[in-house]
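Asks: Chains as they are written, first to last, in the working numbering: chain A, 8 to 209; chain B, 8 to 209. The beta carbon of each residue, even a glycine, is placed where N, CA and C say it ideally should be. Got a structure for you, written out below as structure tokens; questions coming shortly.
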DNA sequence: TCATAAACTGAATGGATATTCATAATATAG
DNA sequence: CTATATTATGAATATCCATTCAGTTTATGA
């Protein structure tokens, strides 16, 4: 893991201060975006002085990278836990897709903050999606060997599946379109496409 | 259309200046992002004085909106032209998907600049994807009536299809993963999924 | 050629903001 | 209780940058 030069607090009160800065930043980065959020905004919301920020974080960008790393781990962990509970590939795929969308709905900050990496440090963005893809490919290759899925190009398929999940997640988070109340319905639509396709043969 | 208070140049030389500012901004917004690009950067690259910028654009944000609007129209027009040439829904879908990806590869700035609207003005982002979705839904509903596609939820399907196209496009533009040389192969993988699905029935 | 609108210049302005620093308060080990 | 590492403060600093403006140049129609 990259060293961000973040100083961990030692005493109980300081741990609380650290968390307050963290959560204030998450909220503000989500609401206003990274560039429009100032250190002053963050410390004010956290209820501490501006200087306090620099006791823990060497810079604004280090804080951003720290939060991005938190989210990367959390979402992966959450999906892995849900997927682990089921057996075959179909059930795993459904569980993974639903886990992503429900997690995104509960933590809308995550989505925005991860995507914003593209405009903060492109390497972070590339790294995030490539490593997500690699995980996906591993699962798909295993399923291919077991004859659970068709002999597709798993790398392309990983981006197809990430695209589906991310955009349906986006619809839910940003409330795009008319109806975003029923996540299970959306997951069903996705699984139906993955099962029988979209087109009717002539 | 929203009025951006952009002053169109009248003489030949000035039209050239205007274009230089436009294209410098497109390059820089792509390379550095909106917030990290200064008016000084833009005017320097365009080869004019800082004040010249304000002869044509009332503000930095107005320039961004102007460019976003250019891209919105161009990509839609490009896709519409390609789609118009073919008849049934399958061919239309293939043409549309391929048109998006090839256009994105040729104009990688477009992708970044459209997405960045999320961090500049969320309403622009919402508007962009919702109107894109509505166009998609219209096409899908027509195909449904004709019995060309299955009776899916077309709104959800529009986001599924946008997600697929956007993420495969992303892979190509950002060179994610190992192989991005063969766009036709990727489009085939997508069309195959849309035809017969991913899973093998037991 | 001349008058004038259009185009252009670049230094100056004003406001914002990331980061530093000298100082003070506080928790805890011994 | 005391010494000390830790935590906290917030005003000051230094830089950056969008925008303005007073003055200059240039194209073009008459």
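Applying the criterion that 16 or more other CB atoms from any shown protein chain within 10 Å of the CB defines a buried residue, is residue 124 of chain B buried or exposed?
Replies: Buried, because 16 or more other Cβ atoms sit within 10 Å of the Cβ of residue 124 of chain B.
Asks: Tell me, please, which residues DSSP counts as bridged to residue 206 of chain A.
Replies: DSSP lists B:156 as partners of residue 206 of chain A.
Asks: What would DSSP say about residue 73 of chain A, mapped onto helix, strand or coil?
Replies: Of the three classes helix, strand and coil, the one that applies to residue 73 of chain A here is helix, per DSSP.
Asks: Using a Cβ distance threshold of 8 Å, determine whether the segment 159-173 of chain A contacts the segment 160-178 of chain B, with at least three qualifying pairs required.
Replies: Touching, per the Cβ criterion.
Asks: When the cut-off is 9 Å and only beta carbons count, does residue 169 of chain B lie next to chain A?
Replies: Yes, residue 169 of chain B counts as interfacial toward chain A.
Asks: Kindly indicate which three-state DSSP category residue 210 of chain A falls into: helix, strand or coil?
Replies: The shown model of chain A, from 8 to 209, leaves out residue 210 of chain A, and the question about it has no answer.
Asks: Mind checking residue 154 of chain A: buried by the 16 CB within 10 Å criterion, or exposed?
Replies: Looking at its Cβ environment, which holds fewer than 16 other Cβ atoms inside 10 Å, residue 154 of chain A is exposed.
Asks: Below 8 Å, can you find three or more Cβ-Cβ pairs linking the segment 105-121 of chain B to the segment 66-83 of chain B?
Replies: With a cut-off of 8 Å, the segment 66-83 of chain B and the segment 105-121 of chain B count as touching, because enough Cβ pairs lie within range.
Asks: At what residues does the alpha helix (DSSP H) containing residue 92 of chain B begin and finish?
Replies: Counting along the chain, residue 92 of chain B falls outside any alpha helix (DSSP H), and DSSP gives it neither H nor E.
Asks: With distances taken between CB atoms, is the gap from residue 116 of chain B to residue 45 of chain B smaller than 9 Å?
Replies: Cβ atoms of residue 116 of chain B and residue 45 of chain B: not closer than 9 Å.
Asks: Which bits of chain B does residue 202 of chain A rub up against, with CB to CB less than 9 Å?
Replies: Those are 204, 205, 206 and 208, listed as they occur along chain B.
Asks: Please give me, in chain order, every unbroken run of the alpha helix (DSSP H) with length at least 4 that falls completely inside the segment 9-51 of chain B.
Replies: For the segment 9-51 of chain B, whole alpha helix (DSSP H) runs of length 4 or above, ordered along the chain, are 19-39.
Asks: State yes or no: is the beta carbon of residue 30 of chain B nearer than 9 Å to at least one beta carbon in chain A?
Replies: It does not: the Cβ of residue 30 of chain B has no partner Cβ on chain A nearer than 9 Å.
Asks: Could you give the distance in angstroms between the alpha-carbon of residue 56 of chain B and the alpha-carbon of residue 62 of chain B?
Replies: For residue 56 of chain B and residue 62 of chain B, the distance between alpha carbons rounds to 11 Å.
Asks: Kindly indicate the opening and closing residues of the alpha helix (DSSP H) around residue 110 of chain A.
Replies: Element bounds for residue 110 of chain A: 96-113.
Asks: Could you compute how far the alpha carbon of residue 127 of chain B sits from the alpha carbon of residue 208 of chain B?
Replies: Roughly 46 Å between the two C-alpha positions.
Asks: So is residue 105 of chain A buried or exposed if we call it buried at 16+ other beta carbons inside 10 Å?
Replies: With 16 or more Cβ atoms within 10 Å of its Cβ, residue 105 of chain A is classed as buried.
Asks: Report the CB separation of residue 12 of chain B from residue 53 of chain B in whole angstroms; it is logged as a contact under 8 Å.
Replies: So it is not a contact: roughly 20 Å between Cβ atoms.
Asks: Report the CB separation of residue 163 of chain A from residue 29 of chain B in whole angstroms; it is logged as a contact under 8 Å.
Replies: Not confirmed; about 35 Å, so no contact.
Asks: Give the DSSP-derived three-state secondary structure of residue 185 of chain A in the structure shown.
Replies: Note: residue 185 of chain A maps to coil in three-state DSSP.
Asks: Given that a residue counts as buried once 16 or more other Cβ atoms are within 10 Å of its Cβ, and exposed if not, what is residue 58 of chain B?
Replies: The residue is exposed, with fewer than 16 neighbouring Cβ atoms inside 10 Å.
Asks: Under 9 Å, do residue 142 of chain B and residue 83 of chain B count as touching if we go by C-beta distance?
Replies: In contact: residue 142 of chain B and residue 83 of chain B (Cβ atoms closer than 9 Å).
Asks: If the criterion is Cβ atoms closer than 9 Å, does the pair residue 190 of chain A and residue 109 of chain A meet it?
Replies: Going by C-beta atoms, residue 190 of chain A is nearer than 9 Å to residue 109 of chain A.
Asks: So, with DSSP's three-state summary, where would you put residue 165 of chain A?
Replies: In this structure, residue 165 of chain A counts as helix in the three-state DSSP scheme.
Asks: Would you kindly check if the distance between the Cβ of residue 148 of chain A and the Cβ of residue 205 of chain B is under 9 Å?
Replies: Cβ distance not < 9 Å, so residue 205 of chain B and residue 148 of chain A don't count as in contact.
Asks: Can you list, in chain order, the residues of its chain whose CB lies under 7 Å from that of residue 78 of chain A, leaving out five sequence neighbours each side?
Replies: Answer for residue 78 of chain A: 117, 120 and 121, listed in chain order.
Asks: What residues in the segment 41-61 of chain B have a beta carbon less than 7 Å from any beta carbon of chain A?
Replies: Answer in chain order: 42.
Asks: For residue 195 of chain A, which three-state DSSP category applies?
Replies: In this structure, residue 195 of chain A counts as helix in the three-state DSSP scheme.
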